[in-house]
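Protein chains: 2
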Amino acid sequence: MNKKFNILSSIPSFSGLSETQLEEIKQIIVNRHYNKGEIIFSDGDDGNGFYIVAKGRVKVFKASPEGKEHIFHIVGPGETFGQVAVYAGRSFPANSEAITNSHLLFIPRTAFVELIGNNPSLAMSMLAVLSMRLREFTVQIENLSLKEVPGRLASYLIYLADEQKTGDHISLSISKGQLASLLGTIPETLSRIFAKMSSQNLIEVSGREIELLDRIGLENLAKHGKL
Amino acid sequence: MNKKFNILSSIPSFSGLSETQLEEIKQIIVNRHYNKGEIIFSDGDDGNGFYIVAKGRVKVFKASPEGKEHIFHIVGPGETFGQVAVYAGRSFPANSEAITNSHLLFIPRTAFVELIGNNPSLAMSMLAVLSMRLREFTVQIENLSLKEVPGRLASYLIYLADEQKTGDHISLSISKGQLASLLGTIPETLSRIFAKMSSQNLIEVSGREIELLDRIGLENLAKHGKL
DNA sequence: TAATTGCATTGACTTAAATCAAAAAAGGGT
DNA sequence: ACCCTTTTTTGATTTAAGTCAATGCAATTA
């Protein structure tokens, strides 16, 4: 039971698979290392496989011609990215870049497609994972179109607090600039909103450490907007 | 080979299935009819099955507490909606409403899950369809966060023209108010942008009929923004 | 042909957030 | 500690788009 095995079984899509099945997957994995700032794939590249993060952190983003960029996900250990292109047999619809030195497991398309053909249960769990991501996107679209930035931020903070299970304390794993992009805004605006939220005793910010002081207020903000 | 069969085989997820498989699916379908304006399911309802549109048109949307709504999709004959909740075994993440009198085919979850367990190829094609939708969402998020309304409209008009294969002439199948919501804006703004685009001879609008006069200009607008 | 209803447009105004520009703060490495 | 770089904050300004309110314009129906 080596390291690779441990990583694999912790991945949602692959949980519930037998050891034999995991072993099969292990056979087709290619190890890849990227340094901070390195591009993994670019918008329009051929989708010849997808990635699992073993170590590090990766951003998946889209850039406008003027250089503005919007981050879709920040992907960490145990998470996957790039599958869509693989299933659909298309090119990648976005860019990805390592934001820390990262160790990734690459799953080539051809081998994977073959594998899935023989594993209905694997297919099912992939379906479920994709569905989840689709749901996340739904939330993101909803946020972008229905809510203003403070509401989006409040939602995200609450989400993070739940995610990290560390009570009302959060520590950001990304820079505030990147958080801004993730929320579909710019650093200046985010900074002002942090300031405003702090002055209203909703939160307390100290560098990348954030304390949620008034969850009810935040939830209210997340739902009904208006700071 | 009755009517139901014809509809089924025209659905992307089900194309490539054998007649026997289609027959199996037919067994679990429930016919449902909705009048214009009727709610099909609401945000938070239990996702106990998904729908195929046989006839009519349905909008899938999300509403904010203040009543603002954003339309995610307009779904027409041969298209499906509501699957995500089914695969993930969760509640519906949005609302749906018939915008014309509609005939829908309802696929109950339990029966479908059983079916898919026995059909790897069905699972695969479902994966592909989900992936496609995910890709659409990616585009939508990109539009909402990277582009201004005129750019989004230009993209959508070009998309529609390609879709309808009717040269440079488009006819909208939905009201302008609904189009506004689909683009993440409001009718007033959309109206002003239509006026501006017309004055610059990019398009010519007459009710729900639109003529694309300057595709290059539109494409430019879709990419680089700025009207 | 009025009249009701729903949809679309127009105008005046407000506002959230982007842009531009600069200063301040925080890290990292030597 | 110091320099250099990156990140974050603050301020002044502009702008796109939302809000409010009124009007116009079909289309259907009485």
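Note that the protein sequences, when read in sequence, are chains R and S. When we follow the working numbering, the leftmost residue of the first sequence carries the number 1, and every step to the right adds one. When we follow the working numbering, the leftmost residue of the second sequence carries the number 1001, and every step to the right adds one. Ideal Cβ placement from N, Cα and C applies to all residues, glycine included.
Mind checking if residue i is an interface residue toward chain R, Cβ cutoff 8 Å exclusive?
i                       : result
residue 1152 of chain S : no
residue 1120 of chain S : yes
residue 1117 of chain S : yes
residue 1145 of chain S : yes
residue 1077 of chain S : no
residue 1094 of chain S : yes
residue 1217 of chain S : no
residue 1098 of chain S : no
residue 1128 of chain S : yes
Reducing DSSP to helix, strand and coil, say where residue i ends up.
i                       : result
residue 1020 of chain S : helix
residue 1125 of chain S : helix
residue 39 of chain R   : strand
residue 109 of chain R  : helix
residue 180 of chain R  : helix
residue 80 of chain R   : strand
residue 170 of chain R  : strand
residue 91 of chain R   : strand
residue 162 of chain R  : helix
residue 1185 of chain S : coil
residue 4 of chain R    : Caution is warranted here: a pLDDT of 49 is assigned to residue 4 of chain R, below 50, making its placement in the model unreliable, and no coordinate value can be reported.
residue 11 of chain R   : coil
residue 175 of chain R  : coil
residue 1118 of chain S : coil
residue 147 of chain R  : coil
Please report the distance separating the alpha-carbon of residue i from that of residue j.
i                       : j                       : result
residue 4 of chain R    : residue 211 of chain R  : Low per-residue confidence applies at residue 4 of chain R: pLDDT is 49, beneath 50, and the placement is therefore not dependable enough to give any value.
residue 1019 of chain S : residue 1008 of chain S : 10 Å
residue 91 of chain R   : residue 196 of chain R  : 42 Å
residue 1081 of chain S : residue 1052 of chain S : 7 Å
residue 1193 of chain S : residue 1224 of chain S : 16 Å
residue 84 of chain R   : residue 117 of chain R  : 17 Å
residue 121 of chain R  : residue 1217 of chain S : 49 Å
residue 144 of chain R  : residue 155 of chain R  : 12 Å
residue 39 of chain R   : residue 100 of chain R  : 11 Å
residue 78 of chain R   : residue 205 of chain R  : 29 Å
residue 208 of chain R  : residue 169 of chain R  : 11 Å
residue 1152 of chain S : residue 191 of chain R  : 28 Å
residue 179 of chain R  : residue 54 of chain R   : 22 Å
residue 126 of chain R  : residue 95 of chain R   : 22 Å
residue 105 of chain R  : residue 1026 of chain S : 41 Å
residue 1188 of chain S : residue 68 of chain R   : 27 Å
With 8 Å set as the bound, which would you pick, yes or no: does the beta-carbon of residue i sit closer than that to a beta-carbon of chain S?
i                      : result
residue 140 of chain R : yes
residue 59 of chain R  : no
residue 135 of chain R : yes
residue 123 of chain R : yes
residue 132 of chain R : yes
residue 84 of chain R  : yes
residue 62 of chain R  : yes
residue 87 of chain R  : yes
residue 72 of chain R  : yes
residue 68 of chain R  : yes
residue 49 of chain R  : no
residue 197 of chain R : no
residue 184 of chain R : yes
With which residues is residue i paired in a DSSP beta bridge?
i                       : result
residue 1212 of chain S : S:1203
residue 1059 of chain S : S:1074, S:1097
residue 1104 of chain S : S:1032, S:1053
residue 1046 of chain S : S:1091
residue 69 of chain R   : R:63
Would residue i be called buried (16 or more neighbouring beta carbons within 10 Å of its own) or exposed?
i                       : result
residue 1001 of chain S : Low per-residue confidence applies at residue 1001 of chain S: pLDDT is 48, beneath 50, and the placement is therefore not dependable, though the value from the model is reported in the following sentence. It counts as exposed.
residue 1159 of chain S : exposed
residue 31 of chain R   : exposed
residue 1165 of chain S : exposed
residue 1049 of chain S : buried
residue 70 of chain R   : buried
residue 147 of chain R  : buried
residue 1140 of chain S : buried
residue 1074 of chain S : buried
residue 1114 of chain S : exposed
residue 1044 of chain S : exposed
residue 186 of chain R  : exposed
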